[in-house]
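Heads up: the sequence lines are chains B and X, in that order. Here the numbering used here is used: the first residue of the first sequence is 631, the next is one more, and so on. Here the numbering used here is used: the first residue of the second sequence is 21, the next is one more, and so on.
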Amino acid sequence: MFDYLITGILNIVTDPMNITMLLIAIVIGYIGGAIPGVSGTMLVVIMLPVTYALEPTAAFILLTGIYAITAFSGAISAILLRTPGTPEAVVTTFDGYPMAQQGNPGRALGIAIFCSVTGGVIGTLCLITITPALANVALSFSSPEYFALTVLGLTVVASLSGKELAKGLIGVLFGLMISVIGMDPLTGTLRYTFDATVLTSGIDLIPVIIGLFALSEFLKKTKDSHVVQETISNVKTKIFEIEIFKKIKGTMARSSIIGVFIGILPGVGATTASMLSYSEAVRWAKDEEKASYGKGNPKGIAASETSNNAAAMGTLVPLLSLGIPGGATAAVLLGAFILHGMQPGPMLFKTEPELMYTIFAGLLLANIAMLVVSKPFIKLFQRIVNVPYHVLGPLVVVFCVIGTYTVRNNYFDILIMILFGIIGYILEKYKFPLATIILGVVLGPLTESEFRRSIQMANGDFSIFFTRPISLILIIISVLMLFYPMINDYIKKRKLQKINISA
Amino acid sequence: MSNVMKDYIFYSIVILFALFFLVMTPQIKITNGTFIIGPRHWPYILLTLMLILAIFGIVKSYILAKKSKSIESKDHEDKIEPERTFFKLSIPMISLVLVILYVLLLNAIGFIISTLLFLYGISLLLGQKKQLYSIIFAVLTTVVFIGLFSVLLSIPLPRGLGIFRQLSLLFY
């Protein structure tokens, strides 16, 4: 394994194309993540078309690199503007902004950088060790196990849809229905094509993702008028201060474990991880210290930033080992793999070990690079954050159009993209969890064909899913996952009450 | 009240969607009889689940609405206000129209001219005050996009028809 990792690092460092892609990923990740309203998911979506022309290795270094960097870069605007640049950084505003206001923006940023790098590196190391092991186990899986796995993946909705479980499940079913349209992969029968030849090959994943995530976001943003944001200036970033480190090291250790663990659970992403880790930090604090949370406690920043970066890496474990996306961005990455003619999952470790370890190496390097790159970037931050939307918005649209068109050089796909942009815009107004639709579309073909193959294997006996131990366990976990938010809600409510009482 | 209404509308649309596809499902031809689970079964399962969930959703929001009627009636008056802007042409609506126009033009007059026009129009709409800046922005961006995608990455962009095709061939 270590030889592979070293080969991976060498692959990046010695290949000018790969190292360029890593650098581009860092730049884009910083700029995009710092601008509120451009999330990591959207950036990965927008950069998809650029990767068509690239070698898979370079393409995935770029995409996963952006993903790794945005896990941190949202914290900059969270601290300096109180507006999280990415959803993952919401919790960082709790203590980061107060600390910056009290005249220590440099310290707040320094803690965020140091903790992000630590969390990210620990997360990546866990990713590197856990993923191949899990993939190895998954090699013995057959159709029923795979079906159970996809079901487990689909129960991700439970966490994506919050309280509206029914709506989330409808979203997944809608996504699954979209993937049904076109030619049936097993029999070649045409389904719901309404005699239109353009529908024969089905509705492609990429236009749906771009429409739902990028175009609908653009439409939503158009009505916000541009206000020049006043940022705290003259920031001197202090990345490492020994007395601060002594204070936060316990929090960092705890938060990185929480982050990785939460990240690996399919569907519970970085945002949840940082929330949970923050409330754990408060819970573990001594009584006299509890009041300082939310008022610039360094441990608060540490808890949030360590865990969201660790979780971002953890989310990649189920994707790369089992082929099950742990969240929206992972679903987009899964789409990217399919685009490059690969199906992520246990087989990929056998067929493309070098690619996998190069991706790992890229993530490791991207995380470490934050230490060096963050300081100069923060100096530029003020200018970047004030890029007006009448410049940014139109660019997003043109990227959406080109991105969609280049997948299959199909004009019809652009129309599909627009349609899903409108659907996304309307559903967003209803607070509908859009990622559930993506999940359905991404996992649809796999779920259906493995389901049918299993039944075929068992000669029509539906109990096959429950008689095989691994598939039974997976289905039990799925059911638990589905009802986990309800249980979790209850626990959270109790915790919030506790925090309120103590605060 | 308006929230409950929204839920009713949402679930009704879901039910209509499911029913429409349920009606369409028998039209799927079964060409290969050897499969125990044919191409029709999977959609049937999905659509049935969808119907059940939608009906569950309606019942649930009905019960919730009954429970919290007293609270809802207070909110009632404030919630009507934001609904009205829905009928005016808001900026997102105009943006959407521009995007649709752009995409329709794309096929006819090609990437270069339609992108120039779109970028010029949308940047003015979204708050660019100076005409000149809009023009510079549109030209610059189009040049960069063509340079990056068509020339550097050799990704074919839509060329349009007739003379527009000839025009695009000059550039990429």
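Where a beta carbon is used, it is the ideal one built from N, C-alpha and C, also for glycine.
{"Asked": "Applying the 10 Å Cβ sphere with the 16-neighbour rule, what's the burial state of R179 (chain X)?", "Found": "buried"}
{"Asked": "Using the rule of at least 16 other Cβ atoms within 10 Å of the residue's Cβ for burial, across every protein chain shown, is R1098 (chain B) buried or exposed?", "Found": "buried"}
{"Asked": "Which residues, taken in chain order from the region 1002-1021 of chain B, show a beta carbon closer than 8 Å to some beta carbon of chain X?", "Found": "P1018, Y1019, H1020, V1021"}
{"Asked": "What's the gap between the Cα of L757 (chain B) and the Cα of H970 (chain B)?", "Found": "22 Å"}
{"Asked": "What are the residues of the region 62-87 of chain X that lie near chain B, defined by any Cβ-Cβ distance shorter than 8 Å?", "Found": "W62, P63, L66, L67, L69, M70, L73, A74, F76, G77, K80"}
{"Asked": "Could you compute how far the alpha carbon of T959 (chain B) sits from the alpha carbon of S904 (chain B)?", "Found": "17 Å"}
{"Asked": "For T161 (chain X), I'd like the list of residues in its chain whose CB is within less than 7 Å of its CB, leaving aside the five on either flank, ordered along the chain.", "Found": "L139"}
{"Asked": "According to DSSP, is M972 (chain B) part of a helix, a strand, or is it coil?", "Found": "coil"}
{"Asked": "So which residues on chain B does F165 (chain X) lean against when the C-beta distance must stay under 8 Å?", "Found": "V1028, I1032"}
{"Asked": "Can you give me the C-alpha to C-alpha distance between T650 (chain B) and V680 (chain B), rounded to a whole angstrom?", "Found": "14 Å"}
{"Asked": "Does the distance from the C-beta atom of S707 (chain B) to that of P717 (chain B) stay below 8 Å?", "Found": "no"}
{"Asked": "Using a Cβ-Cβ cutoff of less than 8 Å, which residues in the same chain neighbour G1023 (chain B) once the five nearest sequence positions on both sides are dropped?", "Found": "F848, K851, T852"}
{"Asked": "Write down the C-beta distance between S746 (chain B) and F702 (chain B) rounded to the nearest angstrom, noting that I regard them as a contact closer than 8 Å.", "Found": "4 Å"}
{"Asked": "For M813 (chain B), which beta-bridge partners are listed by DSSP?", "Found": "B:L820"}
{"Asked": "If distances are taken between C-alpha atoms only, which option among B:S1101, B:I1106, B:V1026 comes closest to L678 (chain B)?", "Found": "B:V1026"}
{"Asked": "Determine the extent of the alpha helix (DSSP H) in which A689 (chain B) is found, giving its start and end residues.", "Found": "686-711"}
{"Asked": "Mind pulling the chain X residues with CB within less than 7 Å of D814 (chain B)?", "Found": "P59"}
{"Asked": "Would you call the CB atoms of S174 (chain X) and F131 (chain X) closer than 8 Å?", "Found": "no"}
{"Asked": "Looking at chain B, which residues of the region 166-178 of chain X have a Cβ within less than 9 Å of any of its Cβ atoms?", "Found": "L168, F169, L172, L173, S174, I175, P176, L177, P178"}
{"Asked": "Tell me which residues share the same chain as F107 (chain X) and place their Cβ nearer than 6 Å to its Cβ, disregarding the 5 neighbours each side in the sequence.", "Found": "Note that F107 (chain X) scores a pLDDT of 46, beneath 50, so its modelled location is shaky; the value from the coordinates is reported in the next line. For F107 (chain X), where only same-chain residues beyond five positions count, there are no Cβ hits under 6 Å."}
{"Asked": "One question on the structure: do R821 (chain B) and V838 (chain B) come within less than 8 Å of each other, judged by their Cβ atoms?", "Found": "no"}
{"Asked": "Give a yes or no on whether the C-beta atoms belonging to L950 (chain B) and T754 (chain B) are separated by under 8 Å.", "Found": "no"}
{"Asked": "By the three-class DSSP mapping on this structure, what secondary structure does L1089 (chain B) have?", "Found": "The residue asked about is misnamed: residue 1089 (chain B) is Asn in this sequence, not Leu. Note: N1089 (chain B) maps to coil in three-state DSSP."}
{"Asked": "At a Cβ threshold of 8 Å, is K850 (chain B) touching chain X?", "Found": "yes"}
{"Asked": "In chain B, which residues lie less than 8 Å from I50 (chain X) when you measure between Cβ atoms?", "Found": "T817, T819"}
{"Asked": "Just the Cα atoms here: how many angstroms apart are G726 (chain B) and P774 (chain B)?", "Found": "48 Å"}
{"Asked": "Please report the distance separating the alpha-carbon of I1008 (chain B) from that of I33 (chain X).", "Found": "47 Å"}
{"Asked": "List, in order along the chain, the chain X residues whose C-beta lies closer than 9 Å to that of A683 (chain B)?", "Found": "F169, L172, L173, S174, I175"}
{"Asked": "Determine the direct distance from the alpha carbon of F1042 (chain B) to that of T823 (chain B), and round the result to whole angstroms.", "Found": "14 Å"}
{"Asked": "Establish whether the CB of G147 (chain X) and some CB of chain B are separated by less than 8 Å.", "Found": "yes"}
{"Asked": "Would you say L139 (chain X) faces chain B, with C-beta separation under 8 Å as the test?", "Found": "yes"}
{"Asked": "What does a CB cutoff of less than 6 Å around L1076 (chain B) pick up in its chain, not counting 5 residues either side in sequence?", "Found": "T780"}
{"Asked": "If you follow the alpha helix (DSSP H) that V1002 (chain B) is part of, which residue opens it and which one closes it?", "Found": "983-1015"}
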